[in-house]
Amino acid sequence: MPANNMLLSSSPHVYTGVTPRKLMLSVIIALSPVSVYGVVLYGVHALLVIVVSIATAVLSEAAFRAVTKQDVRIGDLSAVVTGLLVALISPPSVPLWMVALGSFAAIVLAKEFFGGLGANPFNPALIGRAILLMSFPAAMTTWHVPFKGLLDATTGVTPLNVVKMGGTIADVGAGFVQNSLSSVPDYSSTLWTLFVGNRAGCIGESSILLILVGFIFLLALRVVSFITPLAMVGTAFLASWLLGMDPVFGILSGGLLFGAVFMATDYSSSPVTPLGKAIFGAGAGLITVIIRRFGGYPEGVTYAILIMNAVAPFMDKLRVKKYGFVPPAKPVAKEAAK
Amino acid sequence: MVTKTFKGGTHPPERKERSASTPIQTLRNVSQVVIPVNQHFGAPIQPLVKVGDQVKRGQKIADADGRMTVPLHASVYGTVKKIEPRMQANNLEGLAIVIEPLPGDEAVFMPTLDPFSCTKEEALARVREAGIIGVGGAGFPAHVKFAPPPNKPIEYVIANAAECEPYLTIDERVMEEHPEDFIDGIAIVMKIVGATKGIVGLEDNKTHLVPGLEKAIAAKRSGMDIRVQLLRTKYPQGGEKMLITAITGREVPSGGLPMDVGCVVSNVNTLLAVSEAFRKGQPVIDTGLTVTGGACETPKNLFVPVGMLVQDLFPDVARYDEKKLKRIVMGGPMMGPAVPSMLVPIQKNTSGVLLMDETEAKAYGEGPCIRCGRCMRACSCRLSPALLNVALKAGDLDEADKIGVMDCIECGTCSFVCPSHIQLVQRFRVGKQLVRAKKQKEAQRAGK
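Heads up: the protein sequence lines correspond to chains F and E, in order.
Under this note's numbering, the first residue of the first sequence is numbered 1, with each subsequent residue one higher.
Under this note's numbering, the first residue of the second sequence is numbered 1001, with each subsequent residue one higher.
Listed below in structure tokens is the structure:
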């Protein structure tokens, strides 16, 4: 008599083998080029920032879930991603306790309080950064020239800061030459320097080239959709151009591309429908440019994405037309008033 | 040849190679058959025989009046031993007729009938009398499908030869070994419904069948326009709606049927049964199926008498490794139900028996939805599984209905791709029933 203790479960009985852990791992891999380059640019302190941020994120998630008697699921690596992101969008000289605080806020305030993985309405890493930016504005806007260590003497300004203070792109180029980041101050070599990422800024945001490498990797594995980043960058390009700013410079400087690729594509806080993603990205791109042009901050990516996070749930209403969609029968037109 | 397809879908590992080159073996000798009385979709039918009766192979043993019914026939020559509720492949108990074979083989078939000279009414009556149901899915009575109302002209008869479920190879083998009968079935159905185009929708992992099918089409010399259309190998390419859309570019309207877009879709084995009903007078008494899976040591393609118990396949017909066996699935791994034991009968619409081992049949707990959107891209009906899941978990049936839960074809693609192993399709199955019940209640209230 054959066995009677067969596994019973509803169909399907086979799976792809993709798990949240594997998805998170691929995001970590996609982030590793910019992480390594951040350490190359700013030295050992940047590495410490990254390590402390990740460790804090993982420990706070484990501790929170243990204390609240939920299953500890740090194995899904989502806390690692959040910790890494918090570090990469911090200035290189950020004090370690400060980045730890940001990481803690990201995990506990922004993610776990709302139910953990998949349930956070706002991007945790950006909430962490927003809290730090408001609490410690000086430390969070202290920038350093790459390859020169993090001494006081090497503080610099970000290209966007230069422009915000009324400078021109030529001034940015002159700054690059002065700090021997570029050999000539002309327009194209300035843009090239920006593309490679040899400029003052957050640890992981500067190298457009390496962000694109990570993006292509994520696209190839179909981990993220191209819609949101494309809509965000495309809208920012158009809006900058319409507002009389240099659109290419706008895309290559600041955190626009990093935000578009790694922040706006956060599963939980962005829409799941294609049209929703497009509007979400476009809105984030537009708000970024408006803040850059009219706001008090030189950069607006953080708040742009957080603002769009707030409206993301509504965009999930913008669904694709289902297969065989039949428009509901229109109520018979009322006869014109007699 | 242009390869066509639909939007969405996924590509599970095919695992067809183990049984694809095994010729079909026909079984006659069984120790008993347990024939569930109601295998079709529609109104129930009643047994026509009593315990102790002797029945011949092909003899009608259950029937009823009513349009949505098909009769049932004895699949062996023997004695009726019991008429009692038995476990069926869908994990429910239903009335079954148990027959114990007698030595020898006495058969009663219907007289042959020339489908091209008889009237449409005669032809439809023959299809019904032969007990033909759609073997691809729910078991819809074929004579109802082949008789659309006059205001729904049929242009296409589509043979569903996609066989998109992993593991299964029986359709492939039937087309390889009996291409003439299969093509004959298409021609007969075209004649009955008055279609001008007959199309064999074949996934492009079976291109080796094309020459044989085209030869059979040429040899048929029916003067009918029958051709083979290659389709991309993708699940659920063999879903009725996906097949129609891939081939004709039309979409079956929500809540509608293939006839609404001028199509009749039939499975390979249904068409074979149609041919046999006319040419041999043989009713549906055999089921074609694939027996395979990681725990099955001797993968086979078989024709077995309807009602044969899965356990009677072993060890005479096939062997399996008892230590490895973890899950038994009736049908394909994407849509087939898992059954608790081998004491279930093979029915008219059983397309396979999968004996899955530990590496294939993993069981997972549900994780949280991470909103990765993989189900959204994969859904063959362009529903939004992630959002449906939220609506149904919250008990919001109106929202679920609005998103389109009633349009879900239950193909299981969403669950297959879900990294968190959320039982999406199962939740939608339940959701469909809840929405249907709610609508019924509302209709009742409105009627009062």
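Note that the Cβ used here is the ideal one computed from N, Cα and C, for glycine as well.
No experiment lies behind these values; they were computed from the predicted model shown.
Whole angstroms are fine: how far does the CA of LEU1309(E) sit from the CA of LEU8(F)?
Cα to Cα, LEU8(F) sits roughly 19 Å from LEU1309(E).
Taking 8 Å as the threshold, find out whether the segment 300 to 308 of chain F comes into contact with the segment 109 to 126 of chain F through three or more Cβ pairs.
yes
Can you name the start and end residues of the alpha helix (DSSP H) that VAL213(F) belongs to?
208 to 220
With DSSP collapsed to three states, give me the class of GLU1203(E).
strand
Select from the segment 10 to 39 of chain F all residues with a C-beta closer than 8 Å to any C-beta belonging to chain E, and list them in chain order.
SER10, SER11, PRO12, HIS13, VAL14, TYR15, THR16, VAL18, THR19, PRO20, LYS22, LEU23
What residue ranges within the segment 39 to 84 of chain F form continuous alpha helix (DSSP H) runs of no fewer than 4 residues, ordered along the chain?
44 to 67
In or out: GLN178(F) buried (at least 16 other Cβ within 10 Å) or exposed?
Using a 10 angstroms sphere on the CB of GLN178(F), the tally of other CB atoms stays under 16, which defines it as exposed.
Quick one, which residues of the segment 314 to 326 of chain F are near chain E if we go by CB-CB under 8 Å, in chain order?
ASP316, ARG319, VAL320, LYS321, LYS322, TYR323, GLY324, PHE325, VAL326
Bridge partners - LEU1354(E), DSSP secondary structure assignment:
THR1292(E), VAL1329(E)
Once the 5 residues before and after PRO2(F) are set aside, which same chain residues still bring their CB inside 7 Å of it?
Note that PRO2(F) scores 48 on pLDDT, short of 50, meaning its location in the model is unreliable; the coordinates nonetheless yield the value given after this. Nothing listed; no residue qualifies.
Indicate whether THR190(F) and SER182(F) have their beta-carbon atoms separated by less than 8 Å.
In contact: THR190(F) and SER182(F) (Cβ atoms closer than 8 Å).
Would THR273(F) count as contacting chain E if we go by Cβ distances under 8 Å?
At least one C-beta of chain E is nearer than 8 Å to the C-beta of THR273(F).
Taking the straight line between their C-alpha atoms, what separation do you get for GLU335(F) and PRO327(F)?
Low confidence applies here, because GLU335(F) scores a pLDDT of 49, under 50, leaving its location unreliable and the question unanswered by this model.
Would you list the one or two residues that DSSP bridges to THR1287(E)?
VAL1304(E)
Just list the residues that DSSP pairs ILE307(F) with in beta bridges.
None, per the DSSP bridge assignment.
If you count every other CB in all the chains shown that lies within 10 Å of the CB of ALA337(F), and 16 or more means buried, which is it?
Since pLDDT at ALA337(F) reaches only 46, below the 50 mark, its modelled position is unreliable, and the value read off the structure follows with that caveat. The residue in question, ALA337(F), is exposed, as its Cβ has fewer than 16 Cβ neighbours within 10 Å.
Do you know offhand how far VAL1329(E)'s Cα is from LEU1272(E)'s?
24 Å
Restricting to Cα atoms, I'd like to know which of GLU1014(E), VAL1291(E), GLY1395(E), LYS1323(E) is closest to GLN1433(E).
GLY1395(E)
Cβ neighbour criterion (16 or more within 10 Å) applied to PHE314(F):
exposed
Return the CA-CA distance between PRO146(F) and ALA200(F), expressed in angstroms with no decimal places.
6 Å
On a Cα-Cα basis, can you pick out the residue from GLY197(F), ILE291(F), ALA329(F), VAL196(F) that is closest to LEU243(F)?
ILE291(F)
Does the CB of MET1308(E) have a neighbour CB from chain F at under 8 Å?
no
THR1413(E) vs CYS1379(E) beta-carbon contact at 8 Å
yes
With 8 Å as the threshold, decide whether the Cβ of MET6(F) is near any Cβ in chain E.
yes
Residues in the segment 1205 to 1223 of chain E with C-beta within 9 Å of chain F's C-beta atoms, listed in sequence order?
Against chain F - using a Cβ distance shorter than 9 Å - the segment 1205 to 1223 of chain E contributes no residues.
Output yes if chain F places a C-beta closer than 8 Å to the C-beta of PHE1416(E); else output no.
yes
For chain E, check one thing: does any of its Cβ atoms lie closer than 8 Å to the Cβ of LEU306(F)?
False, the Cβ-Cβ gap to chain E never drops below 8 Å.
Under 8 Å, with one C-beta from each stretch per pair, do the segment 99 to 107 of chain F and the segment 207 to 214 of chain F reach the 3-pair mark?
no
Between GLY118(F) and chain E, is any beta-carbon pair separated by less than 8 Å?
yes
Quick check on DSSP: helix, strand or coil for HIS1073(E)?
Annotated three-state conformation of HIS1073(E) is strand, per DSSP.
Members of the segment 1418 to 1445 of chain E that neighbour chain F once the beta carbon cut-off is set at 9 Å
Answer set for the segment 1418 to 1445 of chain E: CYS1418, PRO1419, SER1420, HIS1421, GLN1423, VAL1425, GLN1426, ARG1429.
Is there a Cβ from chain F that is less than 8 Å from the Cβ of SER1019(E)?
no
Enclosing alpha helix (DSSP H) for GLU1176(E) [first to last residue]
Residues 1170 to 1177.
If GLY1288(E) sits next to PHE1278(E), beta carbons under 8 Å apart, how far is it from one beta carbon to the other, in whole angstroms?
Actually they are not in contact, since the Cβ atoms of GLY1288(E) and PHE1278(E) sit about 18 Å apart, beyond 8 Å.
Would you be able to state if there are at least three C-beta pairs under 8 Å between the segment 1171 to 1187 of chain E and the segment 1198 to 1208 of chain E?
yes
Buried or exposed, going by whether 16 or more other CB atoms sit within 10 Å of the CB of TYR1364(E)?
Flag for TYR1364(E) reads exposed.
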